[in-house]
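Asker: Here it is, the structure in full.
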Amino acid sequence: MEDQATRLRKLVERKISGGAGGLQKETAQGGTSMPLPGGARVIAVTSGKGGVGKTNLTVNLAIALGKKGKRVIIVDADLGTANVDVLLGTSSRNTLLSLARENVQLEDVLIRGPYGVSYISGGSGMEHAGELTVMQRQMIFSKLSACDEWADIILVDTGAGVGRNVLDFIMASDEVLLVITPEPTALTDGYAVLKSYRQLEATQPIRLVVNRVYDMVESTETASKLICTAERFLHMELKSLGFVFDDASMMKAVRRQVPLLAAYPDSLAAKCVEALANSLLSGRPQRVKLGWQGFLRKFFHNMH
């Protein structure tokens, strides 16, 4: 019997040719674009526990990728606690679950938000997604498949933890970003995600993003702990994509309901996110120019 992830993978592979009607579509930047023949790159952004900054990273990463000319759609799949529209300071009438209704199409739920971010809201009530009938789920998956034609990159913001819904989205993606922090609980819960991932015999590449680090040394040490543990006990090769500095600008941006890259584009954390976007596109290691702020940060830290 097929599970949700299996059906979704088959739908994505099949490519729905008539769903978009062959018409030009308005982009978040106001221009027009035609469907992509090759399909989008689907990246699941997940975490072992809540509160590590997963959704914040997803939104700002979408902005950074958009600045580099990529068409990005965020699918807010954090069931029950969707926060993408909260971080953007917007609201949405239709959500992902609205696609279960016959009269609702993808263009009705795909929101052209501010800062060039296009997204599909998870909204409230997503915790009832498990109550959908098989036909309703197939209808949602079928309509969502059209996203593959209108984006270069689709970021799927999953829920935290190892619930079945989270694992379904992870298994259906092309690659996975696992967001952790230096906190011991974040590392433990991150390992739980890797263990479940391994038990499902997943083959998608999974990379770490270490959020809220003080410096690159802390990032390297934190990532190494999880990488070594995964290799020793799970016989699993794990790599690090990079890190994001712990920056007061991030919390200020959240309170303003304005993404970091829009509110404080010159902050250290914003530079880290842009470097992560470069790494995703180029495959090269993350390189962050710390500048004067970085100099001051290290100088005063060394005085203690």
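At position 179 of the sequence shown (counting the first as 1) the number is 173 in the numbering used here, and the numbers step up by one without a gap. Using N, Cα and C, we set each Cβ at its ideal position, and we do this for glycine too. This structure is a prediction, so every number in the text was calculated from the model and none was measured.
Checking 9 Å against the spacing of the C-beta atoms, do L202 and I174 come in under that value?
Answerer: The answer is yes: Cβ separation under 9 Å.
Asker: Between the C-alpha atoms of Q37 and I57, what's the straight-line distance to the nearest angstrom?
Answerer: A small fix is needed here, since residue 37 is Ile in this sequence, not Gln. Distance between the alpha carbons of I37 and I57: 15 Å.
Asker: Going by C-alpha distance, which of D142, Q132 and R158 is nearest D168?
Answerer: Cα-wise, what sits closest to D168 is D142.
Asker: Rounding to the nearest angstrom, what Cα-Cα distance links R70 and T52 in this structure?
Answerer: A small fix is needed here, since residue 70 is Asp in this sequence, not Arg. Near 10 Å, if we compare the C-alpha coordinates of T52 and D70.
Asker: If the criterion is Cβ atoms closer than 9 Å, does the pair C266 and V248 meet it?
Answerer: Taking 9 Å as the Cβ cut-off, C266 and V248 do not qualify as a contacting pair.
Asker: Is it right to say Q280 is buried, meaning 16 or more other beta carbons lie within 10 angstroms of its own, or is it exposed?
Answerer: By the 10 Å Cβ count, Q280 comes out buried.
Asker: For Y208 and A94, I'd like the C-alpha separation in whole angstroms.
Answerer: Cα-Cα distance, rounded: 44 Å.
Asker: Helix or strand or just coil, what does DSSP make of G12?
Answerer: For G12, the predicted structure reports a pLDDT of 33, less than 50, and the residue's modelled location is therefore unreliable. The matter cannot be settled from this model.
Asker: Please give me, in chain order, every unbroken run of the beta strand (DSSP E) with length at least 3 that falls completely inside the stretch 29 to 57.
Answerer: The stretch 29 to 57 contains these whole beta strand (DSSP E) runs: 35 to 41.
Asker: Could you tell me how far apart the beta carbons of G47 and R206 are, in whole angstroms, since I believe they sit closer than 8 Å?
Answerer: So it is a contact: roughly 7 Å between Cβ atoms.
Asker: Tell me the DSSP secondary structure of D70 in three-state form.
Answerer: Residue state, collapsed to three classes: strand.
Asker: Evaluate the contact criterion for the stretch 251 to 268 versus the stretch 223 to 230: three or more CB pairs, one atom per stretch, below 8 Å.
Answerer: Segments in contact, no.
Asker: My assumption, with CB atoms under 8 Å, is that M230 sits in contact with R192. Please give the rounded CB distance.
Answerer: The pair is a contact, with the Cβ atoms about 6 Å apart (cut-off 8 Å).
Asker: V156 lies in the alpha helix (DSSP H); which residues open and close that run?
Answerer: That residue, V156, is in no alpha helix (DSSP H); it is neither H nor E in DSSP.
Asker: Output the boundary residues of the beta strand (DSSP E) element that contains N205.
Answerer: Here the beta strand (DSSP E) through N205 covers I200 to V207.
Asker: Quick check: what's the CA-CA separation for D72 versus V211?
Answerer: Rounded to the nearest angstrom, the two C-alpha atoms are 31 Å apart.
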